[in-house]
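**Q** One structure, as structure tokens, below. Some questions next.
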Amino acid sequence: MKIGSFNILILLALFSSALFSIITPMAQELTVALNLSGEEQVAYINSLFLMVGAFSSIIWALLADKYTKKALLIVSTLEWSIFTFFTIFSTNYYSFLTFQLLTAVGFGASLPLIYSISIDLLEPSERGKKFGLLSAIYVLGNGLGQMLSGFLIDFYTWQIPILIIAIGGILCTVLLLTIEEPQRGIFELGKLTDSDEIVEFKIRKEDLKMIWKIKSTIWLILLSFFMFIAIGAISSFLISMFKNDFQFPSSIATILLIIIFGSQVPSGILFGKIGDARLEKNRKGRIQIILFCLISGALLYILSYSMIILLGKAFFIIIIIFILLILGGAFLFGGIDPLIQATLGEINPPQIRSTIYSLNYLGTTFGRSISLILLGIFFVQFNNQYVPGYLILSFLALSCSLILIPLFTTLPKDILNYDVKMHNSTENAKKTH
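Position one of the sequence shown corresponds to residue 4 (our numbering), numbered consecutively onward.
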């Protein structure tokens with residue numbers, strides 16, 4: 004039953020992650036169909052979508068500590084599905100904006116609640132691998148949105164890709180009715196989860212103090228934030244980069260996007276599994292893998308974009324090497340997020356995990372928004388070319404490795420403290436029985 008429930012969460016992650024990526028490849032068509040003043044209005048709507056989703060995720064997380072997560076996930080998924088469907092009836096800028104922002108409210112619940120429920124469905128030894136799968140599906144869903152709009156817009160109107168995502172959301176809503184509602188923190192407490200202090204914990208002001216005391220949590224959230232400032236825009240604008248800087252046809256650019264960022268599906272699972280194995284031997288194991296992926300991936304990106312700037316695009320072999328290098332970089336970066344998510348689950352009490360994941364989601368979403376703005380600025384400054392901006396963002400990604408330095412000190416202590424607290428909670432629960 005738990006395996007089936009987790010599979011449904013995977014399907015939901017796929018469709019919900021496609022929501023924010025589906026409209027940008029259709030900017031030109033939307034501008035004409037809705038009589039917009041320009042394609043920048045589509046970008047503005049997409050930016051607001053991410054911001055509203057980020058803020059609403061905090062509200063959903065607070066509600067998740069008062070109501071059942073399953074019920075909230077059903078309500079939020081139904082909400083974004085309905086307003087995604089209503090979006091296809093938009094006739095102008097304001098109606099399209101309104102429906103998209105209402106969609107974003109439900110969208111904000113998806114990832115925080117999916118990760119929070121998954122923590123209680125999965126045994127600690129499986130979390131790295133399964134979170135790797137979730138992270139990979141999230142990346143795949145992002146690609147699904149771009150793929151649907153990128154391919155279908157040549158044959159159908161702009162409403163069709165959006166309608167497909169809406170139908171997928173309705174399907175997920177129905178399937179969510181069948182999932183198992185796990186007990187909060189069941190694996191940390193064995194089968195002894197009847198303590199009101201553990202299971203029925205409510206969000207209070209003291210929670211923020213608790214979060215602040217777990218220094219590794221702060222550093223991990225900061226790492227996610229700055230990482231998404233560095234690489235958040237890379238996947239969003241990859242099709243545009245190939246079309247603009249390399250004059251590739253839209254179909255070829257879309258296929259390259261699928262190949263390059265599709266590599267993060269196996270890499271998330273692979274590095275998640277490696278991180279789990281390393282953690283059993285060393286409390287710093289997952290951080291070591293994150294450091295390897297971060298430095299190696301950033302260096303491959305730097306090498307690829309530098310090569311294009313220095314050698315140009317005159318020779319076919321240079322373009323092939325360039326594509327292979329960014330493929331390798333994307334593969335390595337795909338291992339970072341699942342390890343961060345799994346580590347957050349290992350060091351934070353079950354009662355506050357919804358809030359932790361929402362804070363992390365908030366940071367990554369705003370990081371992505373900043374990344375989009377930066378890339379846009381670089382695009383203008385470098386004569387309407389994307390590659391120089393990508394190079395600067397790659398150097399920024401490399402600098403994020405500095406944030407890992409304090410984690411090598413704080414993380415082993417926080418893991419030990421968490422294990423001790425969970426052991427004491429188990430012993431106290433035994434005494435009450």
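From the three backbone atoms N, C-alpha and C, an ideal C-beta is built for every residue, glycine too.
Considering Cα atoms alone, identify which of F411, S309 and I380 is closest to I293.
**A** F411
**Q** Give every residue of the same chain whose Cβ lies closer than 7 Å to the Cβ of S119, excluding the five residues on either side of it in the sequence, and list them in chain order.
**A** A67, K72, R356, S357 and Y360
**Q** Are there 16 or more other CB atoms within 10 angstroms of the CB of G7, so buried, or fewer, so exposed?
**A** So G7 ends up on the exposed side.
**Q** Roughly how many whole angstroms lie between the Cα atoms of D199 and A139?
**A** With a pLDDT of 33 at D199, under the threshold of 50, the modelled position of that residue is not reliable, and no figure is offered here.
**Q** Just how far apart, CA to CA, sit I117 and I320?
**A** 43 Å
**Q** Say whether the region 154-162 touches the region 49-59, bearing in mind that this needs 3 or more beta-carbon pairs closer than 8 Å, one atom from each stretch.
**A** no
**Q** According to DSSP, is Y159 part of a helix, a strand, or is it coil?
**A** coil
**Q** Could you tell me which whole alpha helix (DSSP H) segments of length 4 or greater appear in the region 377-404?
**A** 390-402
**Q** Could you check if S254 is buried or exposed, using at least 16 other CB atoms within 10 Å of its CB as the buried criterion?
**A** exposed
**Q** Where A365 and P115 are concerned, what is the direct C-alpha to C-alpha distance, given to the nearest angstrom?
**A** The identity of residue 365 in the sequence shown is Leu, whereas the question assumes Ala. The alpha-carbon separation between L365 and P115 amounts to approximately 10 Å.
**Q** List the endpoints of the continuous alpha helix (DSSP H) containing R286.
**A** Note, R286: premise wrong, no alpha helix (DSSP H); not H, not E.
**Q** Is the beta carbon of L328 closer than 8 Å to that of L306?
**A** yes
**Q** Under the three-state reduction of DSSP, which class applies to P352: helix, strand or coil?
**A** coil
**Q** Note down the Cα distance separating F369 from I182, rounded to an integer number of angstroms.
**A** Distance between the alpha carbons of F369 and I182: 31 Å.
**Q** Checking 8 Å against the spacing of the C-beta atoms, do F245 and L259 come in under that value?
**A** Less than 8 Å divides the Cβ of F245 from the Cβ of L259.
**Q** Answer yes or no: do A36 and L75 have a C-beta to C-beta separation smaller than 8 Å?
**A** Between A36 and L75, the C-beta spacing is not below 8 Å.
**Q** Less than 8 Å between the C-beta atoms of I234 and L396, yes or no?
**A** yes
**Q** May I have the straight-line CA-CA distance separating T220 from N351, to the nearest angstrom?
**A** 8 Å
**Q** Pick from I339, L394 and S19: whose alpha carbon is nearest that of T87?
**A** S19
**Q** Give the range of the alpha helix (DSSP H) segment to which Y96 is assigned.
**A** Start and end: Y96 to L124.
**Q** Would you mind sorting D197 into buried or exposed? The rule is 16 or more other CB atoms within 10 Å of its CB.
**A** Only weak support is given to the placement of D197: the predicted model assigns it a pLDDT of 35, under 50, and the question is left unresolved by the model.
**Q** For P391, collect the residues of the same chain with a Cβ closer than 7 Å to its Cβ; drop the 5 residues on either side in sequence, then sort them by chain order.
**A** So the list reads I312, F381 and F385, once near-sequence residues are dropped.
**Q** Going by the CB atoms, is the gap between G338 and G146 shorter than 8 Å?
**A** no
**Q** Report the option in L15, P269 and K316 whose CA atom is closest to the CA atom of L81.
**A** L15
**Q** What is the rounded straight-line gap between the Cα of T176 and the Cα of E184?
**A** Cα to Cα, the separation comes out at about 15 Å.
**Q** Give the single residue among D279, A21, L33 and L273 whose Cα lies nearest to the Cα of E349.
**A** Nearest C-alpha to E349: D279.
**Q** Which value, in whole angstroms, describes the spacing of the CA atoms of L314 and I322?
**A** 10 Å
**Q** Give the DSSP-derived three-state secondary structure of G271 in the structure shown.
**A** helix
**Q** Please report the distance separating the alpha-carbon of T27 from that of M230.
**A** 22 Å
**Q** Once the 5 residues before and after S270 are set aside, which same chain residues still bring their CB inside 6 Å of it?
**A** F334, G337 and G338
**Q** Suppose you measure from the CA of L178 to the CA of Q250; what does that come to, to the nearest Å?
**A** 43 Å
**Q** Please return the same chain residues whose Cβ sits closer than 7 Å to the Cβ of Y308, not counting the five positions on each side in sequence.
**A** V390, Y393, L394 and S397
**Q** Can the beta-carbon of L22 be found less than 8 Å from the beta-carbon of L226?
**A** no
**Q** Below 8 Å on the Cβ atoms is my contact criterion, and I expect L375 with A256 to pass it. Report the Cβ-Cβ distance as a whole number of Å.
**A** That pair is no contact at about 18 Å.
**Q** Specify, as a first and last residue, the run of the alpha helix (DSSP H) that Q250 falls within.
**A** Premise fails: Q250 is in no alpha helix (DSSP H) and is neither H nor E.
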